[in-house]
Ligand SMILES: Nc1nc2c(ncn2[C@@H]2O[C@H](COP(=O)(O)OP(=O)(O)OP(=O)(O)O)[C@@H](O)[C@H]2O)c(=O)[nH]1
Ligand SMILES: Nc1nc2c(ncn2[C@@H]2O[C@H](COP(=O)(O)OP(=O)(O)OP(=O)(O)O)[C@@H](O)[C@H]2O)c(=O)[nH]1
Ligand SMILES: [Mg+2]
Ligand SMILES: [Mg+2]
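Residue numbers (the numbering used here), protein chains in the order written: chain H, 10 to 300; chain U, 73 to 349.
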């Protein structure tokens with residue numbers, strides 16, 4: 010991983026005497042490559058390198074007998090700090106129904122994650138209602154219904170209604186049926202689809218969710234900044250959930266999304282089963298990204 | 073878009089940024105940039121437009137000749153569709169089946185994703201939309217059994233094209249990749265020349281992990297082509313350059329939307345131009 014590459018870079022410089030600015034810049038180039046190979050978006054990589062440049066040019070590195078380790082230490086600290094707090098502090102409505110709106114691009118894992126969230130909070134004593142507001146994708150409603158049945162959670166759907174109506178009716182329904190957590194699954198959509206982004210805006214205005222979770226596939230590459238930025242600007246996200254981390258993707262999208270939205274990553278999806286929802290550990294994510 | 077007129081470090085950086093942000097990857101980008109720098113020196117290129125054309129030409133070379141999906145085998149032509157979760161396999165099958173139907177071919181869809189919630193129902197709706205036959209078993213049944221069943225039916229009913237939908241699976245899951253190998257073995261046992269096409273479906277927004285996906289799926293079932301989906305987004309799909317060059321797998325199809333018509337043959341000229349748009 011990066012550690013080995015940096016050891017190699019500095020090894021070549023040993024015996025040359027004092028480390029120079031150029032030497033540090035060579036080391037920073039290795040960091041840049043490592044982050045790009047890990048799928049961190051280029052603008053985020055550039056910003057990150059600039060943010061660690063000053064510290065890397067300092068005595069802490071230049072006067073160390075293990076400069077490679079010092080650079081790694083700086084990178085790790087800065088990366089972990091950027092990843093945010095491990096506490097996933099989800100916002101609950103203290104008086105009444107809590108609403109989660111689940112949004113994101115096609116195929117990212119929204120429907121599955123909606124099911125996972127329902128199971129997670131059911132185990133914590135909440136009374137979730139799973140709402141099928143994806144009226145477009147073939148069998149999307151059935152998919153969520155099957156998941157709801159698997160975990161014995163109430164399910165809400167309406168035939169022939171718009172997603173906005175379904176969402177509003179679902180919240181109405183929860184008030185009279187003793188459910189205190191309404192989890193709304195929405196259709197996958199491109200951030201550049203104006204009409205569908207407008208639809209999400211309308212859903213937000215209609216049900217005032219406590220949480221708007223952006224579901225991001227952890228294998229996404231450079232496009233992560235565009236997706237996250239647009240969703241955040243148009244909706245005001247409250248959290249991100251990174252999915253499919255049970256694969257071997259480095260997951261640089263986590264850093265991109267975090268940097269460009271400032272939103273906390275509140276959970277990670279680590280499998281297809283409904284119990285495969287884990288808290289987000291910033292230090293583990295940093296280690297994974299750095300390889 | 074470069075409006076740069078002369079060839080200098082700023083232009084090189086601009087071009088490098090375009091490639092990196094298109095998910096072309098560090099190694100392929102560095103190699104391409106080294107090559108064009110050398111060519112500029114050797115051939116004394118001075119016009120930025122010529123440099124861009126040079127770069128685009130090299131990128132097209134990485135992709136090779138455009139190859140389309142082969143379906144004119146003695147029937148039934150068997151197409152196996154594989155890939156990781158959520159990339160667009162089922163939707164691409166719906167689009168492909170519709171195209172085959174427009175060409176006057178009889179099509180049998182095979183619901184071999186017996187695992188994911190409502191996967192069979194989803195494919196059934198596409199089967200109705202594309203007007204095809206479909207073979208399915210109960211959820212939870214053995215995918216290999218569904219495939220076996222389908223091939224018998226295809227032979228009996230004299231079907232032109234059989235398209236097999238499989239469950240999304242991460243390439244790192246050994247048992248799931250073994251299941252896929254078994255499905256492939258069943259196909260070949262029942263039809264020695266089949267599968268005629270094994271399509272790996274890749275989401276255009278995928279980063280460098282796409283290479284891993286291609287390597288492992290190729291290892292498990294061999295891959296004859298890529299269907300690159302969701303190109304209607306802002307992602308450029310640059311990961312296909314390395315896949316084409318290192319694994320020799322051509323892109324055959326691109327998905328450009330969620331509608332039944334949103335499937336095109338891969339055109340490397342268009343693809344490379346779009347990268348620089
Ligand atoms: N391995 C793995 N697969 C996942 C995870 N989360 C979701 N999936 C799978 O990813 C695929 C897509 O999941 P969906 O929940 O249908 O995704 P979606 O965002 O609702 O898709 P659209 O509604 O079409 O936009 C399915 O095969 C899921 O089983 C995860 O954490 N790990
Ligand atoms: N915008 C866009 N969306 C697409 C495209 N192809 C597929 N999709 C969408 O991507 C999502 C996932 O598609 P599926 O066909 O269910 O993907 P899959 O690979 O079969 O998923 P699993 O079976 O769960 O692994 C759906 O919402 C599709 O409508 C495309 O070319 N463009
Ligand atoms: Mg869904
Ligand atoms: Mg599918």
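Backbone N, C-alpha and C define an ideal beta-carbon position, used for all residues, glycine too.
Exercise for review: Please specify which runs of the alpha helix (DSSP H), each continuous and at least 4 residues long, are wholly inside the stretch 101-180 of chain U, giving them in chain order.
Suggested key: Counting whole runs of 4 or more residues, the stretch 101-180 of chain U contains the alpha helix (DSSP H) stretches 120-135, 161-174.
Check your understanding: Cα separation between residue 247/H and residue 177/H?
Key -> 20 Å
Check your understanding: Which residues, taken in chain order from the stretch 188-214 of chain U, show a beta carbon closer than 7 Å to some beta carbon of chain H?
Key -> Cβ proximity to chain H below 7 Å picks out 189, 190, 193, 194, 197, 198 from the stretch 188-214 of chain U.
Exercise for review: Give the range of the alpha helix (DSSP H) segment to which residue 291/H is assigned.
Suggested key: 291-299
Review point. Alpha carbon to alpha carbon, what distance is there between residue 265/H and residue 56/H?
Key: 11 Å
Practice item. Would you check if there are 3 or more beta carbon pairs closer than 8 Å linking the stretch 211-218 of chain H to the stretch 252-260 of chain U? Key: no
Review point. At what residues does the beta strand (DSSP E) containing residue 287/H begin and finish?
Key: Going by DSSP, residue 287/H is part of the beta strand (DSSP E) stretching over 286-288.
Point to revise | Interface residues of the stretch 215-247 of chain U facing chain H [CB-CB below 7 Å] | key: 242, 244
Check your understanding: At which residues does the alpha helix (DSSP H) containing residue 131/H begin and terminate?
Key -> The continuous alpha helix (DSSP H) containing residue 131/H extends over residues 119-132.
Check your understanding: So which residues on chain U does residue 48/H lean against when the C-beta distance must stay under 7 Å?
Key -> 279, 280
**Study point:** Any residue whose CB is nearer than 5 Å to a heavy atom belonging to ligand 3, listed in chain order
**Key:** 119/H, 120/H
Point to revise | Expected contact under 8 Å - CB spacing of residue 283/U and residue 311/U to nearest Å | key: 7 Å
Review point. By the criterion of Cβ-Cβ separation under 9 Å, what are the contact partners of residue 92/H in chain U?
Key: Ordered by position in chain U, no residue passes the 9 Å Cβ test against residue 92/H, which lies about 18 Å from the chain.
Check your understanding: Is there at least one Cβ from chain H nearer than 9 Å to residue 328/U's Cβ?
Key -> For residue 328/U, the closest Cβ of chain H is not nearer than 9 Å.
Check your understanding: Any residues in the stretch 291-307 of chain U with a beta carbon nearer than 7 Å to a beta carbon of chain H? Which ones, in chain order?
Key -> 302, 304, 305, 306, 307
Exercise for review: Can you give me the start and stop residues for the beta strand (DSSP E) that residue 153/H sits inside?
Suggested key: Run containing residue 153/H: none in the beta strand (DSSP E); it sits in the alpha helix (DSSP H), 149-159.
Review point. In chain H, what lies closer than 8 Å to residue 92/U by C-beta?
Key: 45, 51, 231
Check your understanding: Any contact of the stretch 126-137 of chain U with the stretch 164-182 of chain U, i.e. 3+ C-beta pairs under 8 Å?
Key -> no
Exercise for review: Along the alpha helix (DSSP H) that carries residue 82/H, what are the first and last residues, could you check?
Suggested key: 76-92
Check your understanding: Expressed to the nearest angstrom, what Euclidean distance is found between the alpha-carbon atoms of residue 285/U and residue 155/U?
Key -> 8 Å
Review point. For the putative contact between residue 325/U and residue 313/U, defined by C-beta atoms under 8 Å, what is the C-beta separation to the nearest angstrom?
Key: Not really, about 17 Å apart at Cβ, beyond 8 Å.
Point to revise | Contained alpha helix (DSSP H) runs [length at least 4] in the stretch 268-342 of chain U, N- to C-terminal order | key: 281-293, 311-319
Review point. Smallest Cα separation from residue 235/U: which of 228/U, 143/U, 130/U, 211/U?
Key: 143/U
Practice item. Under 8 Å between beta-carbons, which chain H residues line up against residue 89/U? List them in chain order, please. Key: 51
Point to revise | Range covered by the beta strand (DSSP E) that runs through residue 229/H | key: Taken as a continuous stretch (DSSP letters only), residue 229/H belongs to no beta strand (DSSP E), as it is neither H nor E.
**Study point:** At least three beta-carbon pairs within less than 8 Å, the stretch 123-136 of chain H to the stretch 172-192 of chain H
**Key:** Yes, since at least three Cβ pairs between the stretch 123-136 of chain H and the stretch 172-192 of chain H fall closer than 8 Å, the two stretches touch.
Exercise for review: Could you pull out every residue in the same chain whose Cβ sits closer than 7 Å to the Cβ of residue 79/H, ignoring the five residues on either side in sequence?
Suggested key: Within the same chain, residue 79/H has close Cβ partners 69, 70, 73.
Check your understanding: Tell me, which residues are paired with residue 237/U by DSSP?
Key -> 153/U, 183/U
Review point. Per DSSP, what kind of secondary structure is residue 190/H in: helix, strand or coil?
Key: Three-state result, residue 190/H: strand.
Point to revise | Pairwise C-alpha distance: residue 318/U and residue 354/U | key: The requested residue 354/U does not occur in the structure, where chain U is confined to residues 73 to 349.
Check your understanding: What is the rounded straight-line gap between the Cα of residue 195/U and the Cα of residue 47/H?
Key -> Roughly 34 Å separates the two Cα atoms.
Point to revise | Contact list for residue 253/H against chain U, beta-carbon separation under 9 Å | key: Proximity of chain U to residue 253/H at the Cβ level (cut-off 9 Å) is accounted for by 156, 157, 158, 242, in chain order.
Review point. If we ignore side chains and look at the alpha-carbon of each, how far apart do residue 233/H and residue 280/H end up?
Key: 21 Å
Check your understanding: Along chain U, in chain order, which residues have C-beta atoms closer than 7 Å to that of residue 228/H?
Key -> Within 7 Å Cβ-Cβ: 278, 279, 281.
Review point. From the DSSP output, which residues share a beta bridge with residue 78/U?
Key: 119/U
Check your understanding: Skipping 5 residues on each side, what residues in its chain have a beta carbon closer than 6 Å to that of residue 40/U?
Key -> Here chain U has residues from 73 to 349 only, and residue 40/U is not among them.
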